[in-house]
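Here's the structure we're looking at; comments come further down.
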Amino acid sequence: MARILTKVKVEKKPFSKYKRIIKAETYNSLIGEGKKLKKFSVLHINSTCAGGGVAELLQSQVPMERSLGINSNWIVINGDSEDMFFSITKKIHNLLQGGKGLLTENEKKLYVRHNTNAFPALKSIVKDLEPDIVVIHDPQPMPLIDALPRGIKAIFRLHIDLSSPNARALNFIKPFGMKFDRLIVSNDRYRPKWFPKAKTEIIYPAIDPLLPKNKILPSGAARALAKKFGINPDDKIISQVSRFDPWKDPIGVIRAFNIARKKVKGLKLILIGSVAGDDPEAKEIFAEVKDFENGDPDITLITKNDNTLVNVIQTISKVVLQKSLREGFGLTVTEAMWKKKAVIGGKTIGIASQITDGKNGFLVSSIKQAADLIIKLVEDPRLAKKIGLSAHKTVQKNFLTPKMVLDHLKLYSKLLK
Ligand code: UDP
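Position 371, counted from 1, in the sequence shown is what numbering that gives the first Met the number 0 calls 370; the numbers after and before it change by one each time, with no gaps.
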């Protein structure tokens with residue numbers, strides 16, 4: 000049987016590589032903060048090392064913290080062989096984002112028991128790594144807080160939209176949540192009322208400009224790669240990169256596409272969504288989407304997990320959609336904005352923290368609005384370009400990994416004082 004906790008191997012990445020990309024001030028602050036934390040150890044815990052935004056963040060955050068001199072490590076909690084644990088945690092996730100339903104007593108027990116089963120493994124990891132700070136990401140591994148010895152500072156990093164949660168589900172996680180020393184959210188509206196504001200930090204997620212997914216591809220290279228992946232770069236492509244998840248509204252995207260293509264001849268849609276290890280619901284939603292598009296030759300569904308492919312699709316798209324109905328933040332939006340794309344995003348708290356409607360992207364609340372904007376932007380490349388340039392500047396200023404890591408380092412220092 001697979002181990003219940005696994006340590007994730009991270010790539011080595013010298014921090015000096017970021018020097019030419021970020022402001023000297025941020026670069027020097029990071030070196031300074033890193034020096035203060037040299038003796039310290041940090042342990043991040045989440046539930047998957049591939050697929051989804053949290054894995055994406057940690058893949059860059061952990062190596063960056065390490066290259067700044069901190070002994071930063073990352074472990075994941077694995078599911079059980081029947082996938083019961085992740086079905087339940089996905090249900091908790093959906094309820095916390097405002098979905099309908101009820102957790103059964105049995106599901107609650109199984110969730111807690113699976114975490115409790117991981118206590119011995121965690122205790123041995125803690126003994127070995129001696130972390131001063133443990134950061135638990137999202138609710139899946141939340142009950143692990145009970146296995147941490149006194150003296151370790153515990154941070155809960157919440158990545159989902161908790162602005163209108165199912166009250167009972169929120170109540171269920173409350174006893175665990177109350178034990179944390181700090182909460183990190185990207186918007187104060189996500190802070191549960193029972194968690195003190197004074198112990199809450201607002202930190203934005205961010206993208207790593209040096210990852211293959213985010214490296215800016217010159218047009219010629221993007222076109223050549225597209226052909227290699229079997230995509231015609233001359234097509235009028237619009238796309239959405241997302242897990243197959245009801246909150247990402249893939250069916251809504253297809254409906255908007257169906258309206259827009261009546262006006263824009265030759266329009267094509269690509270939906271790409273690899274299946275994250277902690278998301279058993281994705282297969283179901285993918286089947287629904289496939290059923291709905293019904294073999295449409297102008298729609299391509301891709302489930303391949305390939306960072307370069309994601310980059311190429313975002314780069315060659317005329318317009319990028321992220322028609323989410325709820326979105327904690329939406330790194331896919333950041334990624335596309337970085338590539339100077341005009342993004343049409345669902346009017347959600349997460350996407351609205353990145354897009355100012357009409358300035359560096361667009362926010363929509365309906366399929367019709369999305370369709371109208373697709374038509375407008377595909378037919379007016381100059382407008383799309385102007386919006387894309389403004390989008391790139393927003394990301395450069397606010398949403399690159401070094402800034403996010405700097406915010407974390409400052410918080411670690413504060414906690415360890
Ligand atoms: N992603 C990917 N391949 C896919 C779908 C998503 O690599 O087929 C990545 C995407 O590029 C982004 C992350 O998964 O980096 C999704 O993060 P986001 O915050 O947008 O949403 P989440 O999945 O965390 O809800």
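Glycine included, C-beta positions come from ideal geometry on N, C-alpha and C.
As computed with DSSP, Trp73 is found in a beta bridge with His43. Assigned with DSSP and collapsed to three states, Ala153 falls in strand. Relative to the non-hydrogen atoms of the ligand UDP, the Cβ of Asn45 never comes closer than 7 Å to any of them. In this structure, the alpha-carbon of Lys416 lies about 14 Å from that of Ser40.
Membership of Ile91 in any beta strand (DSSP E) is not indicated; the residue belongs instead to the alpha helix (DSSP H) covering 83-95. In this model, Leu320 and Asp127 are separated by some 45 Å (Cα to Cα).
The bridge partners DSSP lists for Phe361 are Ile343. Here the alpha carbons of Thr25 and Ser46 stand approximately 30 Å from one another. Within the region 282-350, the runs of alpha helix (DSSP H) that reach at least 4 residues and sit entirely inside it are, in chain order, 306-315, 330-337.
Pro296 is positioned such that its CB atom lies no closer than 8 Å to that of Leu270. Here Ala168 is buried: its Cβ has 16 or more other Cβ atoms, across all protein chains shown, within 10 Å.
In the three-state reduction of the DSSP assignment, Glu200 falls in the strand class, which pools E and B.
Counting every other CB atom within 10 Å of its CB across the protein chains shown gives Met63 a total of 16 or more, marking it as buried. Secondary structure at Arg381: helix, using DSSP grouped into helix, strand and coil. By the criterion of at least three beta-carbon pairs nearer than 8 Å, the region 76-91 is not in contact with the region 314-332. Checking the DSSP bridge columns, you'll see Ser238 partnered with Ile269, Val319. Per the coordinates, the alpha-carbon of Val288 lies some 25 Å from the alpha-carbon of Ile348.
Taking a 10 Å sphere around the C-beta of Trp337, we find 16 or more other C-beta atoms and assign the residue as buried.
The secondary-structure analysis by DSSP pairs Lys6 across a beta bridge with Ile74. Only buried fits Pro164, as 16 or more other CB atoms lie within 10 angstroms of its CB. In this structure, Arg242 has its CB closer than 7 Å to one or more heavy atoms of the ligand UDP. Using a Cβ-Cβ distance cut-off of 8 Å, the region 109-122 and the region 299-317 are not in contact, since fewer than three pairs of beta carbons, one from each stretch, lie closer than that value.
Following the DSSP letters along the chain, one finds Val404 inside the alpha helix (DSSP H) bounded by residues 400-415.
Below 8 Å, enough C-beta pairs join the region 58-75 and the region 2-15 to call them touching: three or more. When DSSP states are grouped into helix, strand and coil, His113 belongs to the helix group. In the three-state DSSP reduction, Ile253 falls in the helix class (H, G or I). Annotation for Val311 indicates a beta carbon at 7 Å or more from all heavy atoms of the ligand UDP.
Per DSSP, reduced to three states, the secondary structure at Ile183 is strand.
Contact annotation: the region 200-218 does not touch the region 170-179, with fewer than three C-beta pairs closer than 8 Å. Secondary structure at Asp160: coil, using DSSP grouped into helix, strand and coil. At a threshold of 7 Å, Lys282 does not count as near the ligand UDP, since its beta carbon sits no closer than that to any of the ligand's heavy atoms. When DSSP states are grouped into helix, strand and coil, Val263 belongs to the coil group.
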